[in-house]
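Peer 1: Please find one structure pasted underneath; my questions will follow.
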Amino acid sequence: MENIDKIKLPLQASIRDALNIIDDGGLHIAVVTDENHQLIGLVSDGDIRRALLSGKNLEDSVIDILNKQPITVRKNESREDILAKAKKYRLSQLPVVDKNNTLLDVIDITRLATALSKSNPVILMVGGLGTRLRPLTDKIPKPLLKVGDKPILQTIIEQFKSHGFKNIILCVNYRSEMIKEYFGNGKEFGVNISYVDEPKRMGTAGALSLIKDIKEPFFVMNGDLLTNINFEYLYKYHLSTNAEATMCVREYEYQVPYGVIEMKGNSILKITEKPIQNFYVSAGIYMLDPSVLKNIPEDQFYDMPTLFEDIMGSSGRAVSYPIKEYWMDIGQMDEFEKANEEYSTYF
Numbered sequence: 379m380e381n382i383d384k385i386k387l388p389l390q391a392s393i394r395d396a397l398n399i400i401d402d403g404g405l406h407i408a409v410v411t412d413e414n415h416q417l418i419g420l421v422s423d424g425d426i427r428r429a430l431l432s433g434k435n436l437e438d439s440v441i442d443i444l445n446k447q448p449i450t451v452r453k454n455e456s457r458e459d460i461l462a463k464a465k466k467y468r469l470s471q472l473p474v475v476d477k478n479n480t481l482l483d484v485i486d487i488t489r490l491a492t493a494l495s496k497s498n499p500v501i502l503m504v505g506g507l508g509t510r511l512r513p514l515t516d517k518i519p520k521p522l523l524k525v526g527d528k529p530i531l532q533t534i535i536e537q538f539k540s541h542g543f544k545n546i547i548l549c550v551n552y553r554s555e556m557i558k559e560y561f562g563n564g565k566e567f568g569v570n571i572s573y574v575d576e577p578k579r580m581g582t583a584g585a586l587s588l589i590k591d592i593k594e595p596f597f598v599m600n601g602d603l604l605t606n607i608n609f610e611y612l613y614k615y616h617l618s619t620n621a622e623a624t625m626c627v628r629e630y631e632y633q634v635p636y637g638v639i640e641m642k643g644n645s646i647l648k649i650t651e652k653p654i655q656n657f658y659v660s661a662g663i664y665m666l667d668p669s670v671l672k673n674i675p676e677d678q679f680y681d682m683p684t685l686f687e688d689i690m691g692s693s694g695r696a697v698s699y700p701i702k703e704y705w706m707d708i709g710q711m712d713e714f715e716k717a718n719e720e721y722s723t724y725f
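Encoded structure:
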């Protein structure tokens, strides 16, 4: 929703205030929040009608008629899950809250149900050898390894589809025939899938030189990670920044296993025992403008960090998009096992 403030009410509001909001807001509800923007409850036009019939008047407090336990969703829930919840509880609107119950948005279910698919391409890099997961990958490419009873790549595709992105391009190399046989043209999965065959290992960005006629901002993502981020939010963020490239980043915490000595000359100034340092690292998910393709050399190994450096070196704009949602890079056996343990919690 573009302006959620149009349907928000403070705790001290009256039923009349709620009625005015409902009449003007277009969603047939008003939401009541506290001073910290935490959701207190909802009131609908039906609630007001029932209240007036029971003897309430318009100057009474809206708190008296509030639904204080509304059904809510989180911002990273898929379109399908939101629609299923709305159908189950026969709801036309659903508030979006974070883990602290802070109101983030209100979803109009009718608009969501009729939302059009977006044409922006999703390019998934699935040509790697998966050497660190051997022997599991000796006979099967890593994107086809099952996590949660389905291939990693299938979950990735389903996540993009849930946010309306259905034009999938798979950059394949190692055991590409198995990936093509499983996914085909994508019809079985409700998406459109095409393939780019890498003749050799080309890095995390080199294969982009093989893709022609991209005219819209597009996603690039490694095909060996699982995440439940909202790809539509990433898309809108990228557009809002007017950047050529957006890199999703995650905070990484590292504890130095020793005492760290701060010195001046040979004098010890300070000793910090096993300090924790925080860094932002690439999450392997990117949103790029078609203009960046001119930076990518043909038929060469070329990595995504190099692309970002080249963009910045030519006075282009590259931005970061911190993600807090679930994210797992399945590169090691322990990560593969952990992803299987956590899958049902996040997907």
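Residues in the sequence shown are numbered from 379 upward in steps of one, following this note's numbering. Glycine included, each C-beta is placed from N, C-alpha and C at the ideal position. None of these values were measured; they are calculated from a predicted model.
1) Can you tell me where the alpha helix (DSSP H) holding Ile639 begins and where it ends?
2) Can you say whether Met503 is buried or exposed, counting buried as having 16 or more other CB atoms within 10 angstroms of its CB?
3) Classify Gly662 as helix, strand or coil using the three-state DSSP reduction.
4) Would you report the Cα separation of Glu715 and Lys446, rounded to the nearest angstrom?
5) Can you give the beta carbon distance from Arg510 to Gly709, rounded, assuming they're within the 8 angstroms contact cut?
6) Shortest alpha-carbon distance to Tyr630 belongs to which of Tyr552, Leu389, Asp707?
7) Under the rule that 16 or more other beta-carbon atoms within 10 Å means buried, what is Ile639, buried or exposed?
8) From Pro577 to Gln678, what distance separates their C-alpha atoms?
9) Expressed to the nearest angstrom, what Euclidean distance is found between the alpha-carbon atoms of Val475 and Glu703?
10) Here's a check: name, in chain order, each residue in its chain whose Cβ is nearer than 8 angstroms to the Cβ of Tyr658, leaving out the five neighbours to either side.
11) Got a sec? Which residues, its chain only, sit under 7 angstroms from Phe725 by beta carbon, not counting five neighbours each side?
12) For the beta strand (DSSP E) that contains Leu604, what are its first and last residues?
13) Between Thr411 and Leu472, what straight-line distance do the alpha-carbon atoms span, to the nearest angstrom?
14) Between the segment 607-623 and the segment 537-544, are three or more C-beta pairs nearer than 8 angstroms?
15) Taking Glu687 as the reference, give the member of Ala623, Asn498, Ile385 with the closest Cα.
16) Do you know whose CA, among Tyr680, Asn673, Pro683, lies nearest Ser692's CA?
17) Could you give the residue range of the beta strand (DSSP E) that holds Asp483?
18) Pick helix, strand or coil for Ala583, following the three-state DSSP scheme.
19) Starting from Thr411 and walking both ways along the beta strand (DSSP E), at which residues does that stretch end?
20) Classify Gly419 as helix, strand or coil using the three-state DSSP reduction.
21) So, is Glu380 buried or exposed, given that buried needs 16 or more other C-beta atoms within 10 angstroms?
22) By how many angstroms is the C-alpha of Asn551 removed from the C-alpha of Gly564?
23) Given a threshold of 16 other Cβ atoms within 10 Å of its Cβ, counted over all protein chains shown, does Met711 qualify as buried or as exposed?
24) Name, in chain order, the residues that DSSP records as bridge partners for Phe597.
25) With a 10 Å radius around its C-beta and 16 neighbouring C-beta atoms as the bar for buried, classify Pro675 as buried or exposed.
26) Between the segment 385-393 and the segment 431-444, are three or more C-beta pairs nearer than 8 angstroms?
27) With a 10 Å radius around its C-beta and 16 neighbouring C-beta atoms as the bar for buried, classify Val598 as buried or exposed.
28) Taking only the alpha-carbon atoms, compute the straight-line gap between Arg553 and Met625 and give it to the nearest angstrom.
29) Within the continuous beta strand (DSSP E) that includes Phe543, where are the two ends?
30) Spell out a yes or no on whether the segment 411-430 and the segment 445-459 are touching, meaning 3 or more CB-CB pairs, one atom from each, closer than 8 angstroms.
31) Who does Arg628 pair with in a DSSP beta bridge?
Peer 2: Result, derived from the coordinates:
1) Taking the first residue of the sequence shown as position 1, residue 639 is located at position 261. Per DSSP, Ile639 belongs to no alpha helix (DSSP H); it is in the beta strand (DSSP E), 637-642.
2) Indexing the sequence shown from 1 puts residue 503 at position 125. It is buried - the Cβ of Met503 has at least 16 other Cβ atoms within 10 Å.
3) Counting from one through the sequence shown, the residue named residue 662 turns up at place 284. Looking at Gly662 - three-state DSSP - the assignment turns out to be strand.
4) Within the sequence shown, numbered from 1, the residue matching residue 715 stands at position 337. Within the sequence shown, numbered from 1, the residue matching residue 446 stands at position 68. Approximately 40 angstroms, taken between the alpha carbons.
5) Mapped onto the sequence shown, residue 510 falls at position 132. Mapped onto the sequence shown, residue 709 falls at position 331. Indeed they touch by this definition, with Cβ atoms about 5 angstroms apart.
6) For the purposes of this step, residue 630 is identified with residue 252 of the sequence shown, where counting begins at 1. Answer by Cα proximity: Asp707.
7) Reading the sequence shown from its first residue, position 261 is the one you call residue 639. Ile639 is exposed by the Cβ-count criterion.
8) Stepping through the sequence shown from its first residue, residue 577 is reached at position 199. Stepping through the sequence shown from its first residue, residue 678 is reached at position 300. Going from the Cα of Pro577 to the Cα of Gln678 covers about 11 angstroms.
9) Sequence index remark: in the sequence shown, residue 475 carries index 97 (1-based). Sequence index remark: in the sequence shown, residue 703 carries index 325 (1-based). Their Cα atoms are separated by approximately 14 angstroms.
10) Walking along the sequence shown from the start, residue 658 turns up at place 280. Around Tyr658: Val627, Arg628, Glu629, Tyr630, Ser698, Pro700.
11) Position 347 of the sequence shown, counted from the start, is the residue given in the question as residue 725. If we look at Phe725 and ignore the five residues flanking it on each side, its Cβ neighbours are Gly526, Thr533, Asn606.
12) Taking the first residue of the sequence shown as position 1, residue 604 is located at position 226. From DSSP, the beta strand (DSSP E) with Leu604 extends over 603-605.
13) Here residue 411 is taken as the residue at index 33 of the sequence shown, counted from 1. Here residue 472 is taken as the residue at index 94 of the sequence shown, counted from 1. If you take the alpha carbons of Thr411 and Leu472, they lie about 15 angstroms apart.
14) yes
15) Sequence index remark: in the sequence shown, residue 687 carries index 309 (1-based). For the residues Ala623, Asn498, Ile385, the minimum Cα distance to Glu687 belongs to Ala623.
16) Here residue 692 refers to the residue found at position 314 of the sequence shown. The candidate whose alpha carbon is nearest that of Ser692 is Asn673.
17) Mapped onto the sequence shown, residue 483 falls at position 105. Unbroken beta strand (DSSP E) run through Asp483: 481-486.
18) The sequence position of residue 583 within the sequence shown is 205, counting from 1. Correct three-state label for Ala583: helix.
19) Residue mapping note: residue 411 aligns to position 33 of the sequence shown, counting from 1. From DSSP, the beta strand (DSSP E) with Thr411 extends over 407-411.
20) Within the sequence shown, the letter at position 41 stands for residue 419. Strand at Gly419.
21) Here residue 380 refers to the residue found at position 2 when the sequence shown is read from its first residue. Its pLDDT being 44, under 50, Glu380 is placed unreliably in this model, and the value from its coordinates should be taken loosely. Classification for Glu380: exposed.
22) Mapped onto the sequence shown, residue 564 falls at position 186. Mapped onto the sequence shown, residue 551 falls at position 173. If I take the Cα positions, the gap works out to 18 angstroms.
23) Looking up residue 711 in the sequence shown gives position 333. With fewer than 16 Cβ atoms within 10 Å of its Cβ, Met711 is classed as exposed.
24) Start at 1 with the first residue of the sequence shown, and residue 597 comes out as number 219. DSSP lists Val500, Met665 as partners of Phe597.
25) Locating residue 675 in the sequence shown gives position 297, where the first residue counts as 1. Its Cβ having fewer than 16 others within 10 Å, Pro675 is exposed.
26) yes
27) Residue numbering aside, residue 598 sits at position 220 when the sequence shown is read from its first letter. When all chains shown are included, Val598 counts as buried.
28) Here residue 553 is taken as the residue at index 175 of the sequence shown, counted from 1. Here residue 625 is taken as the residue at index 247 of the sequence shown, counted from 1. If you take the alpha carbons of Arg553 and Met625, they lie about 28 angstroms apart.
29) Here residue 543 refers to the residue found at position 165 of the sequence shown. 543-550 is the span of the beta strand (DSSP E), which, as asked, contains Phe543.
30) yes
31) Locating residue 628 in the sequence shown gives position 250, where the first residue counts as 1. According to DSSP, which records beta bridges pairwise, Arg628 is partnered with Val659.
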